[in-house]
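Residue numbers (our numbering): 184 to 349.
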């Protein structure tokens, strides 16, 4: 069987799917986030391991799974802050009117921009746009890109107490 490295893109896809699933239920703590994450089929997100993986490949895949769970848990932890920021930058859109697919992608992107200092702003935007192309409709991409671009510019100018280069 051919083996492959899962990769960050597939990890983000799994994190998105977990955040999307979380948007339909009220989760009390990180243990519940882990439960939702574990209950998701890995094949659906492209994160299934290959039989006979090398030890190195297996380690990298485990790191990518951990990254996906870390992102989903971070969104859960910072959800209130993230939603306030999305509300601020989604002109004329109340947060409860944004489709859950787009909202989940936005939540993941905003979390990365604010709480993952090693991930460049452009990468966070690009990855969110790729998710929107896969899971959203034809209007998702410009909507998500516009909001995340505005958030990125605010981050670049230190508006949230952090500074990252665009």
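Beta carbons: idealized from backbone N, C-alpha and C, even for Gly.
Can you tell which of the options has its C-alpha closest to the C-alpha of residue i?
i, options, result
"residue 251", "328, 315, 192 and 270", "192"
"residue 255", "278, 269, 263 and 213", "213"
"residue 195", "246, 222, 208 and 207", "246"
"residue 200", "285, 276, 260 and 296", "285"
"residue 303", "204, 335, 190 and 202", "335"
"residue 263", "342, 253, 209 and 224", "209"
Spatial neighbours of residue i within its chain, please: CB distance less than 7 Å, with the 5 preceding and 5 following residues excluded, ordered by chain position.
i, result
"residue 265", "258, 290, 293 and 294"
"residue 314", "195, 196, 199 and 288"
"residue 340", "none"
"residue 283", "203 and 206"
"residue 268", "293 and 334"
"residue 272", "330, 333 and 334"
How many angstroms separate the CA atom of residue i from the CA atom of residue j?
i, j, result
"residue 316", "residue 298", "24 Å"
"residue 278", "residue 220", "24 Å"
"residue 244", "residue 301", "19 Å"
"residue 344", "residue 338", "8 Å"
"residue 186", "residue 248", "Because the pLDDT of residue 186 is 42, which lies under 50, any placement of that residue in the model is unreliable, and the number read from its coordinates should be weighed accordingly. So the alpha carbons of these two residues sit roughly 16 Å apart."
"residue 320", "residue 218", "29 Å"
"residue 274", "residue 323", "15 Å"
"residue 306", "residue 190", "14 Å"
"residue 158", "residue 309", "Because the chain spans 184 through 349 in this model, residue 158 falls outside it and cannot be assessed."
"residue 342", "residue 325", "23 Å"
If you drop the 5 nearest sequence neighbours on each side, which residues of the same chain put their C-beta closer than 6 Å to that of residue i?
i, result
"residue 311", "288, 292, 327 and 331"
"residue 347", "304 and 338"
"residue 318", "284"
"residue 270", "278"
"residue 276", "none"
Please list, in chain order, all residues of the same chain as residue i whose beta carbon is under 8 Å from its beta carbon, the five residues on each side excluded.
i, result
"residue 261", "294, 297 and 298"
"residue 216", "201, 205, 210, 252, 255, 256 and 259"
"residue 223", "197, 200, 201 and 204"
Is residue i close to chain D, meaning its C-beta is less than 9 Å from at least one C-beta of that chain?
i, result
"residue 309", "Any reference to chain D falls outside this structure, which holds one protein chain only."
(message) Ignoring anything shorter than 4 residues, give me the alpha helix (DSSP H) runs that lie fully in the segment 301 to 333, in order along the chain.
(response) List check, alpha helix (DSSP H) in window: 304 to 318.
(message) Which runs of the alpha helix (DSSP H) at least 4 residues long sit entirely within the segment 198 to 225? Give them in chain order.
(response) Within the segment 198 to 225, the runs of alpha helix (DSSP H) that reach at least 4 residues and sit entirely inside it are, in chain order, 213 to 222.
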